[in-house]
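Chains as they are written, first to last, in full-length UniProt numbering: chain S, 1 to 203; chain E, 1 to 203. All C-beta atoms in this analysis are idealised placements derived from N, C-alpha and C, irrespective of residue type, glycine included. Note that the structure is a prediction, hence the values are computed from the model and not measured.
Number of protein chains: 2
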Amino acid sequence: MAEQGWRERKKTLTRRALIEAGLRLFRDQGYQETSIAQVAAAAGVAPRTFFGYFAGKEDLVFADTPARIETALRVVDERGPEDTVADVLTRVAEETIAGNPGDVDLLGLASGRMDLVMSTPSLQGAALHRLWTTEQRLAGALLRAFPDDLDEVSAAMVVGSFAGAFMGAAGASLRRGDRPDEVRAAVGRAVRHAARGIRAGVG
Amino acid sequence: MAEQGWRERKKTLTRRALIEAGLRLFRDQGYQETSIAQVAAAAGVAPRTFFGYFAGKEDLVFADTPARIETALRVVDERGPEDTVADVLTRVAEETIAGNPGDVDLLGLASGRMDLVMSTPSLQGAALHRLWTTEQRLAGALLRAFPDDLDEVSAAMVVGSFAGAFMGAAGASLRRGDRPDEVRAAVGRAVRHAARGIRAGVG
DNA sequence: ATGCAAAAATGCAATCCGTGCGATTTTCCG
DNA sequence: CGGAAAATCGCACGGATTGCATTTTTGCAT
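Pasting the structure below:
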């Protein structure tokens, strides 16, 4: 847990500086309109250095998702004996919502990422791709947690219908201009719908 | 319906040449590894001309989807009086499958696109983004077709769960290396599952 | 404190996508 | 045949990435 020293500390410091500078610039002047050179300059490093921290422009925007994904997977892995597939996925969804609609507070930059992604096509694609690969991992974890109730395809199908309902509702609610709590409610309804659908099919 | 003359004819001809050349090169040497310059050269036009036909490299890969999307939307618009939401979406899915898993035959280049997309991250993102925007349009059409049973959010949620289940099943089946007919079967099962889930919730 | 080796930050060149613009060539039509 | 409109081209940028060689920093053992 303990960091080595100045070396490590400085690295996470630079990383954070890049994220904050990037997110701020993206929000203020737009994603496409902001060049990596600007982000690097604002963070006080050379443009080339940016790529030592992130694989690309998109990566900076989703810098906090890996942790959230691990959390979601852990929820599945820690399935209780009495839990059903729907129970577990519902809990995953709740866990996800807890730090999603209307928030972000990534590094002090509360909100903004949702709007940013929703208003930037290329980021939408990136976000959906991450969601897609995450769904696959989630399906794998689910299959491991319920080996008697599922198979590869049904696991992926269940996760897909869940995520699909979730995203569909969230997207529509946001597009409609709902308040954060309304979005939460909409998503909650979608999750319950998906859970009901699953119970009607798989154990 | 009738084309003007040589002008129009040549245009669609060049367009087709670009698509065929592109798809062939993408399949043979990979998407990322193929430059637009190569595609243009193979089609006998200047690189700059490529952008007169497609907005970008990705567009070429999905050149046939617009038509398919229109078809899907039409299926929703032509809802029968007795149809339920699940009925309509099931029909949309069938319509979609009819020309999807294992095929493509876009322009004689049977198969290959599915594999191409599944093996190219950036194309996956593009494909998912197209799916996402299509879902929105589908939700809109569905809302128009069932104004008494749905609202914006529930329509999007229903479409999302449907598409999610569809994609999840298709992806898992393909990833597992299933034969085209097996993929079809898996998707069929997913569609029935999603339909059941919808019937359990919305009318 | 000093010097060396590993790690990080840079600089630079090169490739490729995508776009604006002006110059050319084709095709259409009177 | 003589434009006018449409389609191609060529050219020059701006910006994302990447590979490679060079220069700074930092960690650590004398």
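Coarse secondary structure for residue i, derived from DSSP in three states
i	result
residue 259 (chain E)	Beyond the ends of chain E as shown, which are 1 and 203, falls residue 259 (chain E); an answer cannot be given.
Y31 (chain E)	coil
S122 (chain E)	helix
A194 (chain S)	helix
V88 (chain E)	helix
P147 (chain S)	coil
E82 (chain E)	coil
V45 (chain E)	coil
G168 (chain S)	helix
R175 (chain S)	helix
G56 (chain E)	coil
G5 (chain E)	coil
A67 (chain E)	helix
A200 (chain S)	coil
F51 (chain E)	helix
F26 (chain S)	helix
Contacts of residue i in chain S (Cβ-Cβ under 7 Å)
i	result
residue 210 (chain E)	Chain E is shown only over 1 to 203; residue 210 (chain E) falls outside these bounds and no answer can be derived.
Amino acids of chain E, ordered along the chain, whose beta-carbon sits closer than 7 Å to that of residue i
i	result
F51 (chain S)	Within 7 Å Cβ-Cβ: nothing; F51 (chain S) doesn't reach chain E, min ~17 Å.
V159 (chain S)	G168
P66 (chain S)	Those do not exist, as P66 (chain S) stays about 16 Å from chain E at its closest Cβ, beyond 7 Å.
Cβ of residue i within 8 Å of any chain S Cβ
i	result
R16 (chain E)	no
G168 (chain E)	yes
G197 (chain E)	yes
A72 (chain E)	no
E94 (chain E)	no
G102 (chain E)	Unreliable placement is indicated for G102 (chain E), whose pLDDT of 49 sits below 50; no coordinate value is reported for it.
P121 (chain E)	yes
A190 (chain E)	yes
V88 (chain E)	no
Selected residue, minimal CA-CA separation from residue i, among the options
i	options	result
D115 (chain E)	E:G171, E:I97, E:A40 and E:T12	E:G171
residue 224 (chain E)	E:R68, E:T120, E:A63 and E:A98	The question about residue 224 (chain E) has no answer here: the residues shown for chain E are numbered 1 through 203.
K57 (chain E)	E:H193, E:G22, E:G160 and E:R91	E:G22
R24 (chain S)	S:V183, S:A43 and S:S154	S:A43
R137 (chain S)	S:V92, S:A55 and S:R9	S:V92
D83 (chain S)	S:D149, S:A165 and S:L13	S:D149
T96 (chain E)	E:A72, E:P81 and E:A17	E:A72
G168 (chain E)	E:L89, E:V183 and E:A141	E:V183
V187 (chain S)	S:A17, S:A67, S:T90 and S:R15	S:T90
V76 (chain S)	S:F51, S:L13, S:V61 and S:A155	S:A155
E152 (chain E)	S:V158, S:R176, S:E152 and S:P147	S:R176
T133 (chain E)	E:T12, E:G160 and E:A194	E:G160
V85 (chain S)	S:A17, S:A141, S:R16 and S:L13	S:A141
L123 (chain S)	S:A46, S:D59 and S:P147	S:D59
F50 (chain S)	S:R27, S:R16 and S:A194	S:R16
E20 (chain E)	E:P180, E:A41 and E:D87	E:A41
E8 (chain E)	E:F162, E:L143, E:E70 and E:Y53	E:Y53
A194 (chain E)	E:M118, E:D87 and E:L143	E:D87
L18 (chain E)	E:R48, E:W6 and E:M157	E:R48
I36 (chain S)	S:A46, S:S173 and S:D28	S:A46
E70 (chain E)	E:K10, E:E135, E:R113 and E:D178	E:E135
V117 (chain E)	E:L174, E:M157 and E:R74	E:L174
R192 (chain E)	E:D178, E:P180, E:A139 and E:E94	E:E94
CB contact check: residue i to chain E, cutoff 8 Å
i	result
G171 (chain S)	yes
R176 (chain S)	yes
W132 (chain S)	yes
A37 (chain S)	no
V75 (chain S)	no
V153 (chain S)	yes
A141 (chain S)	no
A186 (chain S)	yes
A200 (chain S)	yes
Cross-chain neighbours of residue i in chain S, by beta carbon under 9 Å
i	result
A145 (chain E)	Simply none; closest approach about 16 Å.
G164 (chain E)	E135, M157, V159, G160, S161, F162, A163, G164, A165, F166, M167, G168 and A194
Supposed close pair residue i, residue j - CB separation, criterion 8 Å
i	j	result
R199 (chain E)	A145 (chain E)	Not really, about 16 Å apart at Cβ, beyond 8 Å.
G125 (chain S)	H129 (chain E)	4 Å
A165 (chain S)	A190 (chain S)	4 Å
L131 (chain E)	A163 (chain E)	6 Å
R196 (chain E)	G197 (chain S)	7 Å
V61 (chain S)	R27 (chain S)	Contact doesn't hold; Cβ gap of about 11 Å is too wide.
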